[in-house]
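As given, the protein sequences belong to chains A and B, one line each in that order.
Each number in our numbering corresponds to the 1-based position in the first sequence with 47 added.
Each number in our numbering corresponds to the 1-based position in the second sequence with 47 added.
Remarks on the structure that follows.
Protein chains: 2
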Amino acid sequence: MVVSPDIYNLHQPMLVAVDCIIFGFDERGLKLLAVKRQMDPARGEWSLMGGFLGGNESLDEAAARILHQLTGLTGVYMDQLYAHSHPLRDPGARVVSVSYYALIKISGHNQEQAKAHGAEWFKISEIPPLIFDHNEMVEMALQLLRRQAKTKPVGFELLPEKFTLPQLQALYEAIYQKELDRRNFRKNIQSMGLLEKLAEKDKAGSRKGAWLYRFNIEKYEAFKNQGFFFNVSV
Amino acid sequence: MVVSPDIYNLHQPMLVAVDCIIFGFDERGLKLLAVKRQMDPARGEWSLMGGFLGGNESLDEAAARILHQLTGLTGVYMDQLYAHSHPLRDPGARVVSVSYYALIKISGHNQEQAKAHGAEWFKISEIPPLIFDHNEMVEMALQLLRRQAKTKPVGFELLPEKFTLPQLQALYEAIYQKELDRRNFRKNIQSMGLLEKLAEKDKAGSRKGAWLYRFNIEKYEAFKNQGFFFNVSV
DNA sequence: TTATATAAGTGTACTTATTACATTTACAAA
DNA sequence: TTTGTAAATGTAATAAGTACACTTATATAA
Chain A
48 MVVSPDIYNL HQPMLVAVDC IIFGFDERGL KLLAVKRQMD PARGEWSLMG GFLGGNESLD
108 EAAARILHQL TGLTGVYMDQ LYAHSHPLRD PGARVVSVSY YALIKISGHN QEQAKAHGAE
168 WFKISEIPPL IFDHNEMVEM ALQLLRRQAK TKPVGFELLP EKFTLPQLQA LYEAIYQKEL
228 DRRNFRKNIQ SMGLLEKLAE KDKAGSRKGA WLYRFNIEKY EAFKNQGFFF NVSV
Chain B
48 MVVSPDIYNL HQPMLVAVDC IIFGFDERGL KLLAVKRQMD PARGEWSLMG GFLGGNESLD
108 EAAARILHQL TGLTGVYMDQ LYAHSHPLRD PGARVVSVSY YALIKISGHN QEQAKAHGAE
168 WFKISEIPPL IFDHNEMVEM ALQLLRRQAK TKPVGFELLP EKFTLPQLQA LYEAIYQKEL
228 DRRNFRKNIQ SMGLLEKLAE KDKAGSRKGA WLYRFNIEKY EAFKNQGFFF NVSV
């Protein structure tokens with residue numbers, strides 16, 4: 048199948064890797080899933096979950112495969128972030144790594160599987176030193192998350208299917224490291240008409256209890272096709 | 048230097064390429080610089096200017112090198128766009144290509160050098176079919192340009208150092224394919240205080256002539272460090 | 001020299017979006 | 001029955017964005 052004309056043979060092939068910045072959110076805040084590296088070099092150090100791009104897959108496929116390996120999840124929201132290419136970034140070999148960022152529901156993933164890979168959740172403010180340029184990747188991913196949270200309903204990837212408005216607000220406050228006005232936040236988010244109020248309350252957070260809501264994905268998709276944009280002011 | 052532990056040898060190295068989406072602007076509108084491909088496969092077809100990532104350079108460096116090869120320009124505004132990785136995207140070999148987008152002043156580049164590479168400017172609305180996934184790259188670059196033009200002074204990369212407000216407005220109209228109100232545009236752009244009015248007029252466009260302006264880069268950098276963001280509403 | 005055609009330049013009123021801010025409500029536990 | 005706690009709610013002030021029409025400068029043609 049492959050003809051390999053001369054031009055291709057003059058250049059140096061190199062390994063292409065994928066590293067996943069996996070964010071989650073729980074009552075303690077925004078979190079990153081990192082793994083204890085089980086191979087040389089840098090064995091035993093904290094690292095993003097990664098792997099190499101295979102001969103017959105795209106980067107998107109590789110990223111989904113790697114995320115699935117760690118969490119058992121499929122169909123997760125992922126976005127390509129950046130191609131990291133410093134010639135010496137990986138001391139083991141010349142590797143160009145393409146980072147992907149993923150948003151998952153912490154409660155929804157396979158915890159035994161993650162534990163088997165040496166995975167652990169870290170609060171965003173307490174991320175340990177990671178191998179190579181992985182801390183840089185996390186920093187870039189956070190910036191992307193902040194950009195996207197304004198115009199895409201990323202919050203709904205990170206929360207359980209049923210959630211309360213105080214939870215959603217806490218998520219936005221964690222993403223932007225900034226307190227938001229309760230009334231303005233609720234007005235803003237509810238004015239988009241994408242939340243369905245359920246007939247149940249979550250009593251975990253207070254005596255009074257907070258109403259549970261669900262995100263209406265169909266409505267969002269329909270709006271999107273009409274050129275409507277999700278918009279949260281922070 | 049390189050230790051190449053086992054893990055690296057299990058995976059398939061592949062070529063990494065860089066392709067440049069080079070935008071320019073003149074009185075006829077927003078334009079793309081494409082080249083007639085001088086190598087197999089797809090010799091003679093239109094293509095983005097590209098090249099392969101070398102063993103001792105980063106992608107940014109490779110992109111700058113490739114742009115310089117074609118235009119003679121250095122220090123040009125470039126941004127990494129996306130890593131394109133479909134296994135069959137290049138029929139000649141397995142190549143992952145990282146696209147870069149560049150904004151240049153059409154008048155400022157070396158035209159003989161570009162011509163020697165078979166380069167030609169195409170109006171954005173008249174871009175011919177390009178090889179492989181290059182049309183897709185251009186489409187993504189246009190989307191990035193539209194996103195960036197709202198919050199970064201990209202316009203000033205595309206115009207000559209001295210330009211008129213009608214020129215700047217025409218640029219924004221070309222980027223967004225949309226007519227803008229003259230008064231509102233001028234109010235908006237001038238309110239940022241980043242334009243210096245010069246004592247000269249450009250009489251090319253009308254009998255009356257339009258005042259020339261210059262972008263104050265120092266002021267912009269200073270503002271940026273204070274958390275100010277460039278902002279054009281379109 | 002005067003008239004004409006053409007693009008450049010200008011200000012205000014209206015609408016919409018964003019921000020600031022304080023009281024009441026529900027309910028479990030004491 | 002009281003108390004403590006988080007949840008829920010509306011309005012006024014400010015800022016940002018939008019819509020809109022006439023005057024000015026000047027080269028060229030009459």
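Where is the CB? At the ideal position from N, CA and C, for every residue including glycine.
- For residue 185 of chain A, the uninterrupted alpha helix (DSSP H) run begins and ends at 181-198, by DSSP.
- In the DSSP assignment, residue 149 of chain B falls within the beta strand (DSSP E) that extends over 142-150.
- Around the CB of residue 264 of chain A, fewer than 16 other CB atoms lie within 10 Å, so the residue is classed as exposed.
- Straight through space, the alpha carbons of residue 258 of chain B and residue 247 of chain B are spaced by roughly 6 Å.
- In the structure shown, residue 164 of chain A falls within a coil segment according to DSSP collapsed to helix, strand and coil.
- Apart from sequence neighbours up to five positions away, the residues of its chain that approach residue 219 of chain A with a beta-carbon distance below 8 Å are 196, 202, 227, 232, 279 and 281, ordered along the chain.
- Listed along the chain, the chain A residues whose CB falls inside 8 Å of the CB of residue 223 of chain B amount to none; the nearest CB is some 14 Å away.
- As computed with DSSP, residue 261 of chain A is found in a beta bridge with A:209 and A:243.
- For residue 265 of chain B, no chain A residue has a C-beta closer than 7 Å to its own C-beta; the minimum C-beta separation is roughly 25 Å.
- If you look at residue 53 of chain A, you'll find it in the alpha helix (DSSP H) that goes 53-56.
- For a cut-off of 8 Å, the C-beta gap from residue 79 of chain B to residue 171 of chain B is around 6 Å, short enough to register as a contact.
- Boundaries around residue 127 of chain B are those of the beta strand (DSSP E), 124-131, since no alpha helix (DSSP H) includes it.
- Taking one beta carbon from each stretch, the segment 63-73 of chain A and the segment 181-196 of chain A have 3 or more pairs nearer than 8 Å; the two touch.
- Leaving aside the five residues that flank residue 155 of chain A on each side, the residues in its chain whose CB is nearer than 8 Å to its CB run, in chain order, 120 and 207.
- Closer than 9 Å to the CB of residue 184 of chain A there is not a single CB belonging to chain B.
- Counting every other CB atom within 10 Å of its CB across the protein chains shown gives residue 64 of chain B a total of 16 or more, marking it as buried.
- Per DSSP, the beta-bridge partners of residue 97 of chain B are B:66.
- Beta-bridge partners of residue 82 of chain A (DSSP): A:94 and A:166.
- In terms of beta-carbon proximity, residue 106 of chain A lines the interface with chain B, with at least one pair separated by less than 9 Å.
- Our two residues, residue 238 of chain A and residue 251 of chain A, have alpha carbons roughly 26 Å apart in a direct line.
- Burial is judged here by how many other beta carbons sit within 10 angstroms of a residue's own beta carbon; residue 198 of chain B has fewer than 16 and is exposed.
- In the DSSP annotation of this structure, the continuous segment of the alpha helix (DSSP H) that includes residue 111 of chain B starts and ends at 106-118.
- Taking the Cα of residue 277 of chain B as reference, the smallest distance to any Cα among B:167, B:97, B:235 and B:84 is reached at B:235.
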